[in-house]
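K.L.:
Going by the working numbering, the first residue of the sequence shown is number 88, and it counts up by one from there.
We treat Cβ as the ideally placed atom computed from N, Cα and C, and that holds for glycine.
Quick caveat, the model's predicted, so the values are computed rather than measured.
Dropping the structure in here first, questions after.
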Amino acid sequence: MTTPDGTPAAGIAPDFDRTLDVRAMNCPLPILRTKAEFARMQVGQVLKVVFQQAEYVRELEMFARQTGNRVVRNGPEDDHHAAWIQKA
């Protein structure tokens, strides 16, 4: 459960460790920013990537496969889409 601003409600742990919002970015910046964020993460952590166009999930899935990570969840959220990628 989250509050109206998207933060976890009190006592509820989020299902991700970091969030990256790439809605205002054009290619190739979203993938470059995702890669840079993953470099700062530890194995097992989950990055939630927020994006505007549903088709971008294919780019994230390809990124995950190429880097040995995995998309654990993806789908629409309100007025945008999101994917959760776990660092392997």
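Restricting to Cα atoms, I'd like to know which of M112, T154, R145 is closest to R160.
P.N.:
R145
K.L.:
Determine the direct distance from the alpha carbon of D166 to that of K122, and round the result to whole angstroms.
P.N.:
Near 24 Å, if we compare the C-alpha coordinates of D166 and K122.
K.L.:
Less than 8 Å separating the beta-carbons of L147 and A170?
P.N.:
yes
K.L.:
Would DSSP call A75 helix, strand or coil?
P.N.:
Given a span of 88 to 175 for the chain in the structure shown, any question on residue 75 remains unanswerable.
K.L.:
Since E164 is in the beta strand (DSSP E), which residue starts that stretch and which ends it?
P.N.:
157-164
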